[in-house]
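Those sequence lines, one after another, are chains A and B. Numbered per the working numbering, the first sequence spans residues 573 to 877. Numbered per the working numbering, the second sequence spans residues 130 to 351. By construction, the Cβ of each residue, glycine as well, lies at the ideal position given by its N, Cα and C atoms.
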Amino acid sequence: MKIGCFVETYSFHTKIEAQALENFKTSAERKGHQFEYIFKKDLNRIPEFDSIFIRATTDPMNTAYVVSRTADALGKVVIDDPHSIRTCSSKVVLDGLFKQNNIPSPRSVLFAGDYSPDNLRKIIEYLKFPIVVKAPYTKFSSHVEKAHDEAELKEITSRYLKNARPIVLQEFMPTTFDWRVGMLDGKVLYLCKYHMPKGGWKVKSMVDGKQEWGKSTPIMRKNIPKKLEELAIKVTKCVGDGLYGLDIKEVNGEYYCIEINDNPSFYAGIEDSKDHDIYDKIIDRLTSGRPVKPGTYRLNEDCII
Amino acid sequence: MTIVINEDDDEADFGPFAFLNSSVKGEVLNVSHDYRYQKMGYYVSMHAELSGNKVTPSCADILDAHRNPLLMIRAEKAGIPCMPYTLLAKYEHNVNLPALCFAVNPYTCNSVTQVRSESKMHRTMKSLSMNNRYPVSVQPLVGEVKEAIQVFGETDVAEAKEIARKFYEAFHIPIGKLIIQIHDGKAYLSHFEPCERKEVNWDLVKQKLHTIHNIEKRGACI
């Protein structure tokens, strides 16, 4: 089969990301498939491929969405499918998804710019400072800031509201790491702990004026805590049976879902270091002839947590 | 049917933000002059979909209409005469001029640019592609370019009436601006954009909503 891998070079920052991309190609070719990188200039060539694998920043605003939607409309297997992109790209959408399915997550409210004293008082009483302010389009911890008082809250929110409305205000839940659960086809694909850098509060934090990434600890997927696995499977069901990376916090043995990301990053030597078959599994899914099935948004009553 | 409108209107059941905090069940009609991604008009449809409701317009329709290549593919399938287009990833010398260019990345709501010279093409590509980050849709500029505000498939622009009707049938977007070209007396669809609030004939919107309400009531009686 012929796999088109849509790539935008600005999405890749490190050698180990590029190496992971090569690992996909190697896996596909070892299995007897063709694997070709395609770029913006190749948008008219999508019909040539049996499946499309997107390795570029996905967002309904980006070219990747046009690629995904076109491939999907042509009946191709596409990862990420447009439904997953629409769902996962917006933290506002995820907020609604978590709330309506009672998925444990930090307390949150949507904010559209009502700065009346009464509204601010209610929000502050409910979330308590520090409050995490999230733009809907946050990626890799960007456009997520912490407000420690009312003045900061007003300053950050007014800045974010210039580009999106509403935005998300969230309770701050401090942890030293986030679980990253990679999911494919409704099953756990890989497991990692993404640690916060020393002195930071996000996986990618500003520490002493410098952007720092925290370390990652890979763990064999078979060792995933049962409760974490159950949560990951249920959350994923709302979105679809494609490829996702879930960010989950653990506090006192309880798990809280922060985000479900489509198009999760792969760094050679990290996500693949315990379960080496992750590339093969993704290539098998792409060549299965089975398009990604969108989730139902709403879980069946018996699945609601 | 629940009607959500971004204007004060007696026919509205909800304003947009109140709707986002509601748990309404059933069909939803979302009426806005601006459905762009990450704007309130988009989130109303998204919230309705998340709640398992049928909503007009759907998020998929909204996004398709706002991305020029997706708009053209679907419009053509719906029998709307469309201008041919090419997607360019960066500036190229061999583009036939004059041309009509559109940003495929829709951060702006008025990206329509008429280009008649190489030097302007260079500047336009740089600007609309945000320094070659996004592709640009380029169409031949062969006729008069007109804007037509469509409201539930109707427009005041005589040449665009048929396109507006078919556009609404295909994309179900209650309000929006169609960019058309008139060539040899025939209208062709070039692009779709959100309207500014002041561009919309809200009296016509109210009249349409009133009719929808009456049909709903009659349906309930039958």
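Give the single residue among the options whose Cα lies nearest to the Cα of residue i.
i: B/E325; options: B/V265, B/H162, B/T215; result: B/H162
i: B/L257; options: B/P323, B/E247, B/S240, B/G314; result: B/S240
i: A/P702; options: A/W773, A/S714, A/P654, A/P689; result: A/W773
i: A/G758; options: A/D614, A/V807, A/A736; result: A/V807
i: B/E156; options: B/Y263, B/F231, B/E178, B/E247; result: B/E178
i: A/G604; options: A/K718, A/P863, A/D852, A/R870; result: A/D852
i: A/T581; options: B/I202, B/Y263, B/F148, B/I209; result: B/Y263
i: A/D750; options: A/P619, A/E589, A/G817; result: A/G817
i: A/V740; options: A/L699, A/F611, A/V864; result: A/L699
i: A/A723; options: A/V716, A/I696, A/I588, A/K612; result: A/I696
i: A/T766; options: A/K782, A/K787, A/G781; result: What sits at residue 766 of chain A in the sequence shown is Tyr, not Thr. Closest by alpha carbon: A/K787.
i: A/T859; options: A/V811, A/K648, A/S845; result: A/K648
i: A/I820; options: A/R862, A/H715, A/S623, A/L803; result: A/L803
i: B/V274; options: B/K295, B/H339, B/Q243, B/F296; result: B/Q243
i: A/K613; options: B/Y220, B/N135, B/A207, B/P303; result: B/Y220
i: A/L733; options: A/V775, A/Y687, A/R693; result: A/Y687
Can the beta-carbon of residue i be found less than 9 Å from the beta-carbon of residue j?
i: A/G754; j: A/L800; result: no
i: A/I651; j: A/L761; result: no
i: A/N595; j: A/F838; result: yes
i: B/N197; j: B/V233; result: yes
i: A/C577; j: A/E831; result: no
i: B/Y317; j: B/V267; result: no
i: B/I272; j: B/D313; result: Correcting the residue type first, residue 272 of chain B is Gly in the shown sequence and not Ile. Yes, the Cβ-Cβ distance between B/G272 and B/D313 is below 9 Å.
i: A/Q742; j: A/K706; result: yes
i: B/N150; j: B/V173; result: no
i: B/V280; j: B/L200; result: no
i: A/K574; j: A/E601; result: no
i: A/P708; j: A/S662; result: yes
i: A/M768; j: A/T747; result: yes
i: A/S599; j: A/I855; result: yes
i: A/G812; j: A/H655; result: yes
i: B/V224; j: B/L217; result: yes
i: A/N669; j: A/Y828; result: The residue you asked about is not Asn; residue 669 of chain A is Leu in the sequence shown. Taking 9 Å as the Cβ cut-off, A/L669 and A/Y828 do not qualify as a contacting pair.
i: B/H301; j: B/D142; result: no
i: B/S187; j: B/K154; result: no
i: B/Q167; j: A/R793; result: no
Who are residue i's beta bridge partners in DSSP?
i: A/D631; result: In the DSSP output, where bridge partners are listed per residue, A/D631 has none listed.
i: A/P702; result: Partner(s): none; A/P702 has no beta bridge.
i: B/H320; result: B/I308
i: B/C230; result: B/T242, B/V267
i: A/E620; result: According to DSSP, A/E620 bridges with nothing at all.
i: B/W331; result: Looking at the DSSP assignment, B/W331 forms no beta bridge with any residue, so it has no partner.
i: A/Q591; result: Note: A/Q591 sits in no beta bridge, so no partner.
i: A/Q552; result: Nothing can be reported for residue 552 of chain A: it is not among the residues displayed for chain A, which extend from 573 to 877.
i: A/L818; result: A/V753, A/I832
i: A/V740; result: A/L682, A/K706
i: B/Q279; result: B/G305
i: A/Y827; result: A/E822
i: A/I651; result: A/F625
Mind checking if residue i is an interface residue toward chain D, Cβ cutoff 9 Å exclusive?
i: A/Y816; result: Any reference to chain D falls outside this structure, whose protein chains are A and B.
List the endpoints of the continuous alpha helix (DSSP H) containing residue i.
i: A/E802; result: 798-811
i: A/Y732; result: 722-733
i: B/N182; result: No alpha helix (DSSP H) holds B/N182; DSSP gives it neither H nor E.
i: B/N197; result: 197-206
Could you spell out the range, first to last residue, of the beta strand (DSSP E) harbouring residue i?
i: A/I842; result: No beta strand (DSSP E) contains A/I842, which DSSP labels as neither H nor E.
i: A/S680; result: 680-683
i: A/Y766; result: 759-767
i: A/E717; result: 716-719
Where the region 667-695 of chain A meets chain B: residues whose CB sits under 7 Å from a CB there: The region 667-695 of chain A vs chain B, Cβ under 7 Å: G668, L669, Q672, L682, A684.
Residues in the region 591-617 of chain A having any Cβ partner in chain B nearer than 9 Å: So the list reads F611, K612, K613, D614, L615, N616, given in the order they occur along the chain.
Chain A contacts from the region 165-188 of chain B (Cβ-Cβ distance under 7 Å): Against chain A - using a Cβ distance shorter than 7 Å - the residues of the region 165-188 of chain B are Y166, Q167, K168, M169, Y172, M175, H176, E178, L179, S180, G181, C188.
Near-chain A residues of the region 251-274 of chain B - C-beta to any C-beta below 8 Å: So the close ones are R262, Y263, P264.
Within 9 Å of chain A by C-beta, residues of the region 216-237 of chain B in sequence order: Those would be L216, L217, A218, K219, V233, N234, P235, Y236, in chain order.
Residues from the region 132-156 of chain B in contact with chain A, defined by Cβ distance under 8 Å: Contacts with chain A (Cβ-Cβ distance below 8 Å) from the region 132-156 of chain B involve F146, L149, N150, S152, listed in chain order.
Positions along the region 735-756 of chain A whose CB lies within less than 8 Å of some CB in chain B: If the cut-off is 8 Å between Cβ atoms, the region 735-756 of chain A has N735, A736, R737, P738 near chain B.
Chain B contacts from the region 632-654 of chain A (Cβ-Cβ distance under 8 Å): Within the region 632-654 of chain A, those residues whose Cβ lies closer than 8 Å to any Cβ of chain B are, in chain order, P632, M633, N634, T635, Y637, V638, R641, T642, A645, P654.
Contact list for the region 707-723 of chain A against chain B, Cβ threshold 8 Å: Under the 8 Å Cβ criterion, the region 707-723 of chain A contributes P708, Y709.
Chain B contacts from the region 858-872 of chain A (Cβ-Cβ distance under 7 Å): Residues of the region 858-872 of chain A whose Cβ lies closer than 7 Å to any Cβ of chain B, in chain order: Y869, R870.
Under 9 Å (Cβ pairs) to chain A, residues found in the region 280-294 of chain B: Flagged: no residues at all.
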